[in-house]
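Which chain is which? The protein sequence lines are A and B, in order. Here the first sequence stands for residues 434 to 720, numbered as in our numbering. Here the second sequence stands for residues 1189 to 1532, numbered as in our numbering. C-beta atoms are modelled at their ideal positions from N, C-alpha and C, and glycine is treated no differently. From a predicted model like this one, the values you see are computed outputs, not experimental measurements. One structure below.
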Amino acid sequence: MSHLTIPKTYKLYIGGAFPRSESGRSYEVVSGKGAFLANAAKASRKDARDAVVAARAAVSGWSGATAYNRGQVLYRVAELLDGRRAQFVDEISSAEGVSASAAGAQVDEAVDTWVWYAGWCDKFAQVAGAGNPVAGPYFNLSVPEPTGVVATVAPQGAKGGSLLGIVRTIAPALVAGNTVVAIADEARPLSAISLGEVLATSDVPGGVVNILTGSPAEIAPWLASHADVNALDLTGAGGLDWVELEVSGADTLKRIVRPEPGIPDRALGRILGFVETKTVWHTKALI
Amino acid sequence: MTIDKSAPAAAAPATLAPAERAVQVLGGDLTEKALRQNLEGLPGVDAVGLEQRAAGLATRSIKTSSKAWALDRIIRLIDLTTLEGADTPGKVRSLVAKAVNPDPSDAATPRVAAVCVYGDKVPDAIEALGAAHGDPDDGLISVAAVATAFPSGRASLRVKLADTADAVAAGADEIDMVIDRGAFLAGRYGKVFDEIVAVKEACRRTDGSYASLKVILETGELNTYDNVRRASWLAILAGGDFIKTSTGKVQPAATLPVTLLMLEAVRDWHRLTGEKVGVKPAGGIRASKDAIRYLVTVAETVGEEWLQPHLFRFGASSLLNDVLLQRQKTITGHYSGPDYVTID
Chain A
434 MSHLTIPKTY
444 KLYIGGAFPR
454 SESGRSYEVV
464 SGKGAFLANA
474 AKASRKDARD
484 AVVAARAAVS
494 GWSGATAYNR
504 GQVLYRVAEL
514 LDGRRAQFVD
524 EISSAEGVSA
534 SAAGAQVDEA
544 VDTWVWYAGW
554 CDKFAQVAGA
564 GNPVAGPYFN
574 LSVPEPTGVV
584 ATVAPQGAKG
594 GSLLGIVRTI
604 APALVAGNTV
614 VAIADEARPL
624 SAISLGEVLA
634 TSDVPGGVVN
644 ILTGSPAEIA
654 PWLASHADVN
664 ALDLTGAGGL
674 DWVELEVSGA
684 DTLKRIVRPE
694 PGIPDRALGR
704 ILGFVETKTV
714 WHTKALI
Chain B
1189 MTIDKSAPAA
1199 AAPATLAPAE
1209 RAVQVLGGDL
1219 TEKALRQNLE
1229 GLPGVDAVGL
1239 EQRAAGLATR
1249 SIKTSSKAWA
1259 LDRIIRLIDL
1269 TTLEGADTPG
1279 KVRSLVAKAV
1289 NPDPSDAATP
1299 RVAAVCVYGD
1309 KVPDAIEALG
1319 AAHGDPDDGL
1329 ISVAAVATAF
1339 PSGRASLRVK
1349 LADTADAVAA
1359 GADEIDMVID
1369 RGAFLAGRYG
1379 KVFDEIVAVK
1389 EACRRTDGSY
1399 ASLKVILETG
1409 ELNTYDNVRR
1419 ASWLAILAGG
1429 DFIKTSTGKV
1439 QPAATLPVTL
1449 LMLEAVRDWH
1459 RLTGEKVGVK
1469 PAGGIRASKD
1479 AIRYLVTVAE
1489 TVGEEWLQPH
1499 LFRFGASSLL
1509 NDVLLQRQKT
1519 ITGHYSGPDY
1529 VTID
């Protein structure tokens, strides 16, 4: 029996909900071969503003969770992503025009990325923190703490990266307890929104990850100058006027990760790009 | 009460004592029965129409220069409030510092209209204000005190009057009293009326002038719009200078429909007597966007003339920070964040 095709509506992912753009705008997403795939919401600066409000509200809960718990939650994302493998393979192969096996390899790599970063949650502090030697009867401890709200620009148009690119930029920021406002790949945003659905159904609290589809050139400057954003990951902003973004980010003392061609590797350095170091002194016991 | 639209406006001189004025408006003896007949004879409120009207007024889009004007005006209309059991002299001083200089990064920011504290904190507030204490029309800041066993109002009249006189003697410019909701809901309008009249009298200073009296209806406890309309008229008849929605201690606090209803009572009173009574929504107004909706409602209901500190106030604490953030955004063109305003 034939059944009616139900085209999917791709919306934004803000604060755990899937709203349309407040501007009412959308844009056409086409396949690697130029065929129409879907209409995606075209986020405006006000959507970015709302996303930052949601992300800020989620900081205390997410950074307050134990590192072990955050690791479990990120691992759960990997579980659910793997469970929807077929859907992602389908979306990636139509968006990028690649074979199902190449798309499958990308999904596997994305799942592995979540697992890899999940493992770091309760371990990176041992690597990045320190017990510092001091000349006095004190313990002197340095511990990494999350920076806060991180705005990221996912790799744009990177080969084999419509899903993996955004995963590689979101996951490391989450490890330390930051919350994220991510701008997806403009030309191939569909798997990013499906990733939002995975995050919404895993145990990631609403607002911890917010995904905007649309023009990075339009949205990124608003996030770069936003005083309530603490760090800026410009990984995918190589095609934009990123020096200008870095300048306006510096005006509000943001941590900044500079653009990188292609898809970034998974690396401890990406976790440590979004932490602050707190150093405390504590007296040693006198007996 | 039946409002005779043909009655000459401003028939009653403004100096008339509340009881006399009430007699004139009610047109008969001022008895419990006459009050009840008049208040219960008020036309019923069309709840659906009221809420729709309020929702319609909330859809106005206020942008650019109008928004900048509105934000500054909101600040000038705020009663910056701290009403906690844990209020310390230091808390009052920091509240006053914020009232005097809301945004230290921009000296052009206007000051708020008043600070609102418990009666025993009035001396602290006045001391902290120093030369900035005065009439909001002159760019200075008044001190408002809540009185009459705020927020419940459950005390004898003697205690309420002493509470009020105490705050006035300490130098409060404005008194926020609560009505006896228990008596009101039991239908004893005369008791509520007499209490308001007595408290107004207790607002008299030694030099014969009066502290401005705001009458809190606590609409969240009045249950129906009809009751809100009756309480508004009752408070105005008894001589309140302002009618105020809520204490902020009861949910729901101020809502747009309730404020609209109270503004309509004020408008009708103005048409009837030519006198201007103020309105103060308080509690639950946290976002600039909400506050702008109130401004629109005031302008559309009683007129823009009411958008001045002697006729309209916001009772709020966290609203000010949001307005400052919006103001910074309007001026710099960039979104601001909570790190750029004080933590209260």
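Hey, residue i and residue j: beta-carbon distance below 8 Å or not?
i	j	result
E1494 (chain B)	V1486 (chain B)	Position check: residue 1494 (chain B) holds Trp in this sequence, whereas Glu was assumed. Taking 8 Å as the Cβ cut-off, W1494 (chain B) and V1486 (chain B) qualify as a contacting pair.
A484 (chain A)	T646 (chain A)	no
S658 (chain A)	T685 (chain A)	yes
L1238 (chain B)	Y1413 (chain B)	yes
S627 (chain A)	Q539 (chain A)	no
C1304 (chain B)	T1336 (chain B)	no
K1388 (chain B)	G1427 (chain B)	yes
G1229 (chain B)	A1222 (chain B)	no
V1334 (chain B)	L1271 (chain B)	yes
A1246 (chain B)	R1501 (chain B)	no
L667 (chain A)	P692 (chain A)	yes
G562 (chain A)	F572 (chain A)	no
W1457 (chain B)	I1404 (chain B)	no
V600 (chain A)	L513 (chain A)	no
P577 (chain A)	A609 (chain A)	yes
A1332 (chain B)	D1361 (chain B)	yes
A500 (chain A)	D541 (chain A)	no
G1503 (chain B)	D1260 (chain B)	no
P649 (chain A)	A670 (chain A)	yes
A481 (chain A)	I652 (chain A)	yes
V613 (chain A)	L607 (chain A)	yes
V1288 (chain B)	A1320 (chain B)	yes
T580 (chain A)	E709 (chain A)	yes
Q1514 (chain B)	Y1528 (chain B)	no
G723 (chain A)	G640 (chain A)	Within the shown structure, residues of chain A are numbered from 434 to 720, placing residue 723 (chain A) beyond reach of any answer.
Chain A partners of residue i, CB-CB under 9 Å?
i	result
P1324 (chain B)	Neighbours of P1324 (chain B) on chain A: none; closest Cβ ~30 Å, over 9 Å.
Could you give the distance in angstroms between the alpha-carbon of residue i and the alpha-carbon of residue j?
i	j	result
L1449 (chain B)	R1299 (chain B)	29 Å
P1201 (chain B)	R1417 (chain B)	With a pLDDT of 40 at P1201 (chain B), under the threshold of 50, the modelled position of this residue cannot be trusted, and the question is left open.
R1224 (chain B)	D1478 (chain B)	35 Å
S1430 (chain B)	S1524 (chain B)	Contrary to the premise, residue 1430 (chain B) reads as Phe rather than Ser in this sequence. Answer to the nearest angstrom: the Cα atoms are 35 Å apart.
P1196 (chain B)	D1323 (chain B)	Because the pLDDT of P1196 (chain B) is 41, which lies under 50, any placement of that residue in the model is unreliable, and the number read from its coordinates should be weighed accordingly. Answer to the nearest angstrom: the Cα atoms are 32 Å apart.
A1386 (chain B)	E455 (chain A)	53 Å
K1193 (chain B)	L1460 (chain B)	At K1193 (chain B) the pLDDT is 44, less than 50, meaning the model places this residue with poor confidence and gives no usable figure here.
S477 (chain A)	R703 (chain A)	28 Å
V1380 (chain B)	I1262 (chain B)	32 Å
D1532 (chain B)	W1421 (chain B)	36 Å
Y443 (chain A)	L623 (chain A)	7 Å
G598 (chain A)	A1242 (chain B)	47 Å
A1313 (chain B)	R1281 (chain B)	7 Å
T585 (chain A)	T1530 (chain B)	28 Å
E1406 (chain B)	F707 (chain A)	48 Å
G594 (chain A)	S435 (chain A)	34 Å
P1339 (chain B)	N643 (chain A)	42 Å
G1278 (chain B)	A1285 (chain B)	10 Å
Q1439 (chain B)	A1475 (chain B)	17 Å
A488 (chain A)	L665 (chain A)	14 Å
G494 (chain A)	R1209 (chain B)	58 Å
L437 (chain A)	A468 (chain A)	20 Å
L1349 (chain B)	R1392 (chain B)	11 Å
A1198 (chain B)	V1213 (chain B)	Caution is warranted here: a pLDDT of 41 is assigned to A1198 (chain B), below 50, making its placement in the model unreliable, and the coordinate value is therefore given only provisionally. Roughly 12 Å between the two C-alpha positions.
D1382 (chain B)	G1462 (chain B)	23 Å
At 7 Å on the CB atoms, spell out the chain A contacts of residue i, in chain order.
i	result
Q1522 (chain B)	Reading off the sequence, residue 1522 (chain B) comes out as His, not Gln. The contacting residues are S658, H659 and A660.
Starting from residue i, find everything on chain A with Cβ-Cβ shorter than 8 Å and list it in chain order.
i	result
D1527 (chain B)	A660 and D661
Exercise for the section: Name, going along the chain, the residues of the segment 1282 to 1303 of chain B whose beta-carbon falls closer than 9 Å to a beta-carbon of chain A. Expected result: none
Problem - Within 8 Å of chain B by C-beta, residues of the segment 644 to 655 of chain A in sequence order - result: W655
Exercise for the section: May I ask you to list, following chain order, the residues of the segment 473 to 507 of chain A that have a beta carbon less than 8 Å from some beta carbon of chain B? Expected result: R482, V485 and R489
Problem - Runs of alpha helix (DSSP H) lying entirely within the segment 448 to 511 of chain A, each at least 4 residues, in chain order - result: 478 to 497
Problem - Inside the segment 542 to 597 of chain A only - beta strand (DSSP E) runs reaching at least 3 residues - result: 571 to 579 and 582 to 586
Practice task
Identify every run of the beta strand (DSSP E) within the segment 628 to 709 of chain A, keeping only runs that are complete inside it and at least 3 residues long; order them along the chain.
Solution key: 642 to 645, 664 to 666 and 688 to 690
Handout entry: Segments assigned beta strand (DSSP E), at least 3 residues, entirely inside the segment 1375 to 1420 of chain B
Key = 1400 to 1404
Handout entry: Every unbroken beta strand (DSSP E) within the segment 1218 to 1282 of chain B, with a cutoff of 3 residues, ordered by chain
Key = 1266 to 1269
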